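Single-structure report; data block below.
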Amino acid sequence: MRLLLGSLFALVVAAVVGLGATYLALTRGAAFGPLTIGSWTAWPKTGTADADPYAQASIARIGRLPTALGDGVAFTAAADDNGRPLDGRCDVVLAGITPAARFWTLTLYNADGDLVANAINRSGFTSQEIGRRADGSFDIVMAPRANPGNWLPTGGVERYVLLLRLYDTAVGVSTKAGREVPMPAVNVRRCP
Amino acid sequence: MIRWLLLALGGALLGGIVHLATIIILPRTATQDAYSRLTRSAPVNAVVALPAPTSESAAMPFMDPAFASAVCRYDLSQGPLKLSVPVSLAYTSVSFYTRYDVAYYAINDRAAGRRVIELDLMTVDQHNQMPEDEEITAADRLIVESPTLTGLIAIRALAPEPGLMPMAQRAIATARCERADEPKPAR
């Protein structure tokens, strides 16, 4: 009886620990080799044949196709530079420049990876649509209401993520955070 | 007390094995991964345009709405495939994924360096069985080796502005992915 109880206990512990760790790893999107610059994170290795099992599991769970490294690199931001989660009811400003790339696109998704409905049917910008300053830097405002300049509507959703995809770029597996890879700053400007 | 602690420790070790096993098995059992989602809409060895993602529907999550995209779900068990993708004005890329959505190769219009991206896709075995002389005549074609028999090819063309989307869609509409040894079907 004691043996039975004991092994049952050990098995329950194993199931809780094992499945709990798997759940946490998948919901946090853990993978090896992240490249973090400011509030942006990319996993360049996930877009190669060497993608680790954690990256493969999270790709399968989300059901997306990762950006292949020969195509580009996808940076994700879910919080601003001070760690505040991106809230669609706030005005968030993305300011600065991007690393060298032939093209880039910025897209706003909800937490599930769907586009967010809005009145002007705009869910992102490409590098060619942006109005810039004389030195090449730019501001993009993510806000629920119309703003002058480069306005990306949030549709007022509670949480969203931004994906900045660089296409045909030298940023890759061997890239280290530094001056060669300047990513735009993300800051909450005003929150009701 | 010590007995229970030891049991908990043993359980935790076993839990580590359970964790690694589930992480490794998950891609093999997932039913909502990109390949499985596209199985319903994409026939084998043919290029199918994917509808542009909207807030209501998308072929898969996190699609880039600035791109016109198409997929070719391939099966190399009958022989190698030939792929030809005309490049659009802005940026065109072709990415190759295994059955389990691992990106193993990608090429863009600039790397291909011509107006049409032309590739031969085959397994490692099929590449090894290729006669030498054919290898030479095929030298001007790019050969891509697929690690799995089945997989996905994602063909994507950028529309730098929303108004250029029809142009990007037209460019990839003429992309072809077909069996290398098959005579062209009469159209």
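Top to bottom, those sequences are chains A and B. Take any residue in the first sequence, note its place counting from 1, add 15, and you have its number in the numbering used here. Take any residue in the second sequence, note its place counting from 1, add 9, and you have its number in the numbering used here. Where a beta carbon is used, it is the ideal one built from N, C-alpha and C, also for glycine. Keep in mind the model is a prediction, meaning the values are calculated, not measured.
For chain A, find out if any of its Cβ atoms is closer than 8 Å to the Cβ of residue i; answer yes or no.
i              : result
residue 32(B)  : yes
residue 196(B) : Only weak support exists for where residue 196(B) lies, its pLDDT of 46 falling under 50; the coordinates are left without a value.
residue 136(B) : no
residue 153(B) : no
Quick one: what's got a C-beta closer than 8 Å to residue i's C-beta in the same chain, skipping five residues either side?
i              : result
residue 196(B) : Caution is warranted here: a pLDDT of 46 is assigned to residue 196(B), below 50, making its placement in the model unreliable, and the coordinate value is therefore given only provisionally. Counting only Cβ-Cβ distances below 8 Å, and skipping sequence neighbours, we find nothing.
residue 180(B) : 77, 95, 96, 97, 98, 101, 166
residue 192(A) : 50, 51, 52
For residue i, return the contacting residues in chain A, with the cut-off set at a CB-CB distance below 7 Å.
i              : result
residue 116(B) : 85
residue 150(B) : Near residue 150(B) there are no residues of chain A at all, since even the closest Cβ is about 18 Å away, more than 7 Å.
Enumerate in chain order the residues of its own chain whose CB-to-CB distance from residue i is below 6 Å, with the five nearest sequence positions on each side excluded.
i              : result
residue 48(A)  : 60
residue 5(A)   : The structure shown has nothing for residue 5(A), since chain A only spans 16 to 207.
residue 120(B) : none
residue 201(A) : 54, 92, 95, 96, 109
When you compare the CB of residue i with every CB in chain B, is at least one pair closer than 8 Å?
i              : result
residue 131(A) : yes
residue 31(A)  : yes
residue 102(A) : no
residue 118(A) : yes
residue 148(A) : no
residue 40(A)  : yes
residue 171(A) : no
Counting only Cβ pairs nearer than 9 Å, list the residues of chain B close to residue i.
i              : result
residue 175(A) : The premise fails here: residue 175(A) is roughly 12 Å from chain B at the closest Cβ pair, so nothing lies under 9 Å.
residue 178(A) : 71, 73
Determine the chain A residues that contact residue i at a beta-carbon separation under 8 Å, and present them in chain order.
i              : result
residue 39(B)  : 75, 76, 78
residue 170(B) : 141, 143, 144
residue 119(B) : 117, 183
Once you ignore the five residues that flank residue i on each side, which residues in its own chain have a CB closer than 7 Å to its CB?
i              : result
residue 165(A) : 140, 145, 146, 153, 154, 155, 156
residue 171(A) : 103, 104, 159
Going along chain B in order, which residues have a C-beta closer than 7 Å to the C-beta of residue i?
i              : result
residue 138(A) : 74
residue 28(A)  : 17, 20, 21, 24
residue 50(A)  : Ordered by position in chain B, no residue passes the 7 Å Cβ test against residue 50(A), which lies about 16 Å from the chain.
residue 207(A) : Ordered by position in chain B, no residue passes the 7 Å Cβ test against residue 207(A), which lies about 23 Å from the chain.
So, is the C-beta of residue i closer than 8 Å to a C-beta in chain E?
i              : result
residue 122(A) : This model lacks chain E altogether; the protein chains it does include are A and B.
Report task. Mind listing, in chain order, the continuous alpha helix (DSSP H) runs of no fewer than 4 residues lying wholly within the stretch 83–136 of chain A? Result -> none
Query - the stretch 70–84 of chain A contacting the stretch 25–44 of chain B, beta-carbon criterion three pairs below 8 Å - result: yes
Report task. For the stretch 21–94 of chain B, list the alpha helix (DSSP H) runs that are entirely contained and at least 4 residues long, ordered along the chain. Result -> 43–48
Report task. Count the CB pairs spanning the stretch 67–87 of chain B and the stretch 147–161 of chain B that are closer than 8 Å, and state whether there are at least three. Result -> yes
Report task. Determine, using beta-carbon pairs with one atom in the stretch 65–77 of chain B and one in the stretch 175–190 of chain B, whether at least three such pairs fall under 8 Å. Result -> yes
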